[in-house]
Every structure is written in structure tokens, then in C-alpha cells.
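As C-alpha cells, the structure follows; a few thoughts come after it.
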Amino acid sequence: MTGEAVTELAAPAGPPKRLGGIAWHWRNNPKRELWFAWYSMIIFYNIFVIVFFIMTKTQPPAYPYMPDAQVVSWFGGHRGGLLIGFGIVFATAALTLPSTALIAYSIRRMSVSRAFAYSYLVIYSLSALPGMLLLCVVLSVAAMRPSRDPALIHWLFNFAFLSYVGTMGIFLIGSLVWMLAILLDKNRVLPKWFGYLNLCNALTEVVVSPAWIFHQGVLDWNGLISWWINMVVFGVYTSAFMMLLRTMIQREDFGDGPLPDLPKAPKKAPKAQPATLSSTAQ
Amino acid sequence: MSDITQAEQPEADTAKPARHIPGQPDMWVLVLFEALIFTAYFAVYLFHRSASSALFLRSQGYLNPWLGTLDTALLLTSSMFMLRCVQAARAGAVRAAMANAYLTAGLGVAFLIAKITEWILLVHDGHGFTSNEFFLYYFFLTGIHLLHLLIGFITLGVCIYQLRSPNRRSQEIVETCATYWHTVDLLWILIFSLLYVVR
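Chains A and B, in that order, are what the protein sequence lines are. Once you know that position 197 of the first sequence is 197 in the numbering used here, the rest is easy, because the numbers rise by one and skip nothing. Numbers in the numbering used here are just positions in the second sequence, counted from 1, shifted up by 1000.
Here it is, written out as C-alpha cells:
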């Protein structure tokens, strides 16, 4: 389908305003599935922040070196938040799938092998189970029956957070797959700088691995280096890909060549090209 | 020697050379971001160092300053060869550019061997990753730097791959790879200063 064809499809008579406009877009906008996936992503990350940072206070994770009694007390203090918060997560966790699918779509739109998109899709779909859902299940189990043996409650606490920390290696590989696809792509789907930002994000995932060794200090699972600095990097990375995927949808022409620029993009001054060794460079 | 395409040469001779950022501007996002991340690591290190200065000072005494200096000399020299590689590629001297890229990689391997040797010696003397707070930072900072070095070998591979065939030769990609390699060098100089020199 060409860009012109898409424009014709998108605006047969022009969308009415307000609520009627939403209904019109739902029926006529050829990008509705992409926008659905993008809004799912935005809604999911908002829920993620509210539930994990505010309601359950599982981000940043609680200190790993707490004794049994303190762990039981932590569950006692967060019981309501944990049960209600993770209830919300279980109801909305499926929103991660359209988000991952949209990223896989961005890779699929690139001039690279389909293997990149499929491997990304599989990696991230599977990692949501131990990286998020298992943590929620196990912490809910501990919060639901506070009268259990403190040693067992502590076991559940360690299991939940190690399950979360242990998926960082999967995210590392996922980031590298996306990076490689962006750097090899010739369709200009996403900018190269974001490919390099994927590398920065992947390197911070490596820094989490010492959390398996250290129970306190800057490298434990809520340490200054292994969690706080990494979370800043992850925040920048996530914000960047949300904005870039939005722009990608706006630019999408459903073709298979390079993505066109946005029509109203500000004109850039001609960029000085570095000297090439060959006219057939790159 | 000169597989270079001359198509753009006459214009380049007459016109004033255009100023531009070396390599892909996108690579500088990585340089900036990595610089910020390492600045955060260094700030955390210095904060904890000021809190336990006696321990850090005593532990620093177990490091071999000569090995650290050798590491620095190896990486600085490798950066010089990388610079010569870029200059040779700009001049169209592809064979010289490739020779310099191989020398850069060779010195990188020498750095890798020296660093691993230093780790083995320290661990053999009982100073491991979990020995104390100083060695935690020592192994963390040198370890994460070594990971950057390993990625640097991949970029050098890309550089050599680009130079190898006239069909894909790109000065921009050569410069992009060089930018990354110099970043690895710069990070090492800062790590060396903090771990070995600052008392």
C-alpha cells in the first residue's frame, strides 16, 4: 500500500470532532492497531509506575539483608498495597503484549532479517513471566497469609526479588537484538543514536548481575549502582523509545522501503558530509 | 594502496574543508551517555572513599602501579594507532589504515592480557571482588571497562571489514569506530587516575 493510498484511506470524508472522531478513527484509520499498541504501552507503563513504585513499594526493592522478623514486618506494612496493586497488575498484565508487539513491528519494518523481530518478541514475551508475573505471584502469596513461618515468608521474599533480578540478562539480549536491527537497518525506522542507547541500556543490565553475590552495598539488588543509576538509564531509555515509536507510527506508510519523514518536519540545514573513501560507501 | 575513489577529490581541493563531527553524530550520544553513567559511578566511588579513606588508602597499596601504568601506556598507544588509522583512511591509504587498525587491536589484546594477569595476581594474594569495599569498586570499574573494551574489538572488526572492500568503504564508519575506541581509552584514564593515582 502506498503513502497516497494510506492518506486516501485515512481521510475519506474527514473525521468528525470529539467522540465521533474516536469512532471514525476506530473504523477508518489504517493505523488503528498501531495506535492501540502504542496507547497500551503508555497505559501499561503508567500502571507499572503507580503499582510498583507507589502502591506496593517493590521498586526500589526492599533491602536484601533484612532478617526474618523485619521481612515479616515489611509484608505487614505493605499487605494492602501488595494485594490490591498486584491484583491490578494481573488484570492489566496482558497490555505488555501489544507493547512488545509494537517494538517487534518496528523491527519487522526495518530492512533486516525477520529473525530479529521474532527473537525479540519471544525473548520479551517470555521474560514477562519470571521478570514480572512470578514476582507478583510470589509476593502476593507471602502477603496473603502473614501468619506463615517467618523463614518461609523470607524465602518467598528472596525468591520473588531474585526472580525479578534474574531476568535482566534476558532484557540485555533483547536490547542487543534491537540495537543490532537499528544499526543494520536502511529504512530509517528508528534513529541510529537510539541503537547506541540500546547498548548503554544493555550494559547497565550487566551491572545488576553482582546482586547475586552482594547482600548489601552499592551492588546489591537495591544498590546505588545496580538499581538507582540503572533505573535512571532505564527511565531515559523507555521515554526515548515511547516517543520514537509514536513518531514511527506517524511516519508509517505501510510500504517496505525507507520510512518517509513527517510532512511538517522542520527543514534542517544541509549537513556537511564527511569525506568518503568510496562513492559506494556504506 | 590507494583504492580510494577520486570522485570527490577535485571539489575537496578547491573548497574550504567542511567542519563536521567525526563519525556518525549518533555515536556521540553513546559517548555522552556513557560519560554521564561513569561520572555517576565515579561520584559513588569518591563518596564512599571519603567515608572510609583509611581502608581505601591501605587497599590501594596492594595494587601494582607499574601494571596500571603499563595498561595505560598500552591503551594510549593503541589510541594513537587508531588515530593514524583514521588519518590514513582519510588520505586513501587503505593498507596503512588496516595495518594501524590491526596494531590497535593487538595493543587492545595486550591490555586485556595485562588486566587479567593483574586480576589473577590480586586474587592469588587474597584480594577478590568481595574482600572489601575498595576491591569491590576496583573489580567493578575495571570489569565494566573491560566489557567496553570487548565491544571495542567488535567495532575494530567493523572498521577492518569496512576498509577491506572498496564496495563498502566508509570514512564515516571508520571514524565512528575510532570514536568508540577513544572513549574506551578515555574511560580507562579516569579509572586509572581514581584507582591507582588519587590518594
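All residues carry an ideal CB built from backbone N, CA and C; glycine is no exception. In this text the structure is predicted, and so the values were computed from the model without any measurement.
- At a cut-off of 9 Å between beta carbons, A:K186 makes no contact with chain B.
- Counting only Cβ-Cβ distances below 7 Å, B:E1034 has contacts in chain A at C200, in chain order.
- In terms of Cβ geometry, A:G81 and A:M41 do not form a close pair [threshold 9 Å].
- Between the region 117-129 of chain A and the region 197-204 of chain A, the count of Cβ pairs shorter than 8 Å is below three; the stretches do not touch.
- With its beta carbon less than 9 Å from one in chain A, B:D1026 belongs to the interface.
- Counting C-beta pairs closer than 8 Å gives three or more between the region 144-160 of chain A and the region 60-70 of chain A, which meets the contact rule.
- Chain-ordered listing is empty here: chain B has no CB closer than 8 Å to the CB of A:Y164, the nearest sitting near 21 Å.
- DSSP places B:F1192 within a helical segment (H, G or I) once states are collapsed to three.
- Secondary structure note for B:R1058: its alpha helix (DSSP H) is the uninterrupted segment 1053-1060.
- The Cβ atoms of B:L1070 and B:A1114 lie closer than 9 Å to each other.
- Under the three-state reduction of DSSP output, B:H1124 falls in the helix class.
- Around the CB of B:L1150, fewer than 16 other CB atoms lie within 10 Å, so the residue is classed as exposed.
- B:A1093 sits in coil when the DSSP states are folded into three classes, being neither helix nor strand.
- About 10 Å separates the CB atoms of A:K192 and A:L184; that is not less than 8 Å, and the two are not in contact.
- The beta carbon of B:Y1138 sits no closer than 9 Å to any beta carbon of chain A.
- In this structure, A:P146 and A:F75 form a Cβ contact; the two beta carbons are roughly 6 Å apart against a cut-off of 8 Å.
- Close CB contacts of B:N1132 within its chain, under the 7 Å cut and outside five residues either way in sequence, are with L1055, S1059 (chain order).
- Between B:V1174 and B:G1152, the gap from beta carbon to beta carbon reaches 9 Å or more.
- DSSP places B:F1139 within a helical segment (H, G or I) once states are collapsed to three.
- Residue nearest to A:L139 within the set A:L180, A:I84, A:V122 is A:I84 (criterion: CA-CA distance).
- By the Cβ-count criterion, A:R109 is buried, with 16 or more other Cβ atoms from all chains shown falling within 10 Å of its own Cβ.
- If you ignore the 5 residues before and after A:P61, its C-beta comes within less than 6 Å of the C-beta of F161, W221, N222, all in its own chain and listed in chain order.
- Within the region 26-49 of chain A, contact with chain B at the beta-carbon level (separation under 7 Å) is assigned to no residue.
- At a Cβ-Cβ threshold of 9 Å, A:L197 and B:L1030 count as neighbours.
- Under the Cβ criterion of 9 Å, B:A1040 is counted among the residues facing chain A.
- Against chain A, a Cβ distance below 7 Å from B:T1130 picks out I213.
- Contact between the region 1153-1167 of chain B and the region 1104-1112 of chain B is present: three or more C-beta pairs spanning the two stretches fall below 8 Å.
- In this model, A:R188 and B:T1130 are separated by some 46 Å (Cα to Cα).
- Contact check for B:Q1171 against B:A1096 fails: the beta carbons are separated by 9 Å or more.
- Residues of the region 214-238 of chain A that bring their beta carbon within less than 7 Å of a beta carbon in chain B comprise G217, V218, L219, L224, I225, I229, V233, in sequence order.
- Boundaries cannot be given for B:N1167, as no alpha helix (DSSP H) includes it and DSSP labels it neither H nor E.
- Note on A:M179: 16 or more other CB atoms within 10 angstroms of its CB, so buried under the neighbour-count rule.
- Interface annotation, A:P191: in contact with chain B, CB-CB separation under 9 Å.
- Any Cβ of chain B closer than 9 Å to the Cβ of A:V206 would place that residue at the interface, and such an atom is present.
- Rounded to whole angstroms, the separation of the alpha carbons of A:A142 and A:F254 is 48 Å.
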